[in-house]
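Remarks on the structure that follows.
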Amino acid sequence: MIVINIFSWYVFSSYRLDEENQKRSEAESNLLVFRKDVDDATLSRLELERKIESLMDEIEFLKKLHDEEIQEVQVSFQTQQMKMEVDQTARPDLTAALKDIRAQYENIASKNMYESEEWYKSKVRGEQWTHTQI
């Protein structure tokens with residue numbers, strides 16, 4: 001009877017040991033998969049951060065370019081205004097034309113600024129969407 005108990009205890013212990021070894025192997029396998037996933041996510045995050053930095057640099061460049069264009073338009077407008085003042089006695093209808101031109105330039109400038117901002121927002125949303133898909 002003691003031999004049977006010892007044998008049954010041995011069989012049970014052996015079965016339990018095999019079961020625990022299998023669970024350990026599965027846990028180690030899962031750990032490797034999780035580590036790879038974490039590494040992949042970290043790489044993706046770093047890539048997205050670099051893209052954001054690049055986009056921010058591009059936005060800054062576009063803003064500077066926009067400011068320069070506005071400056072050029074203002075100088076051009078001032079030049080046109082001075083010419084208009086000189087020619088005002090000869091052509092009084094130039095004032096309205098210059099106001100229209102100025103309004104057009106301001107509309108173009110605001111449209112360019114809006115499009116730049118929308119472009120940036122769409123790029124950031126695209127990067128965020130790509131990041132969430134990963």
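Going by the numbering used here, the final residue of the sequence shown carries number 134, and the count climbs one at a time with no gaps. Note that beta-carbon positions come from the ideal geometry of N, C-alpha and C, so glycine has one too.
Cα-Cα separation between Phe34 and Thr130, rounded to whole angstroms
20 Å
If you reduce the DSSP assignment to three classes, tell me which class Met1 lands in.
coil
Where does Asp93 sit, in a helix, a strand or coil, going by DSSP?
coil
Using the C-alpha atoms, what's the distance from Met113 back to Thr132?
28 Å
Hey, would you say Leu55 sits closer than 7 Å to Gln80, going by beta carbons?
no
Just checking my contact of Glu127 with Ile52 at CB under 8 Å: how many whole Å lie between their CB atoms?
That pair is a contact at about 7 Å.
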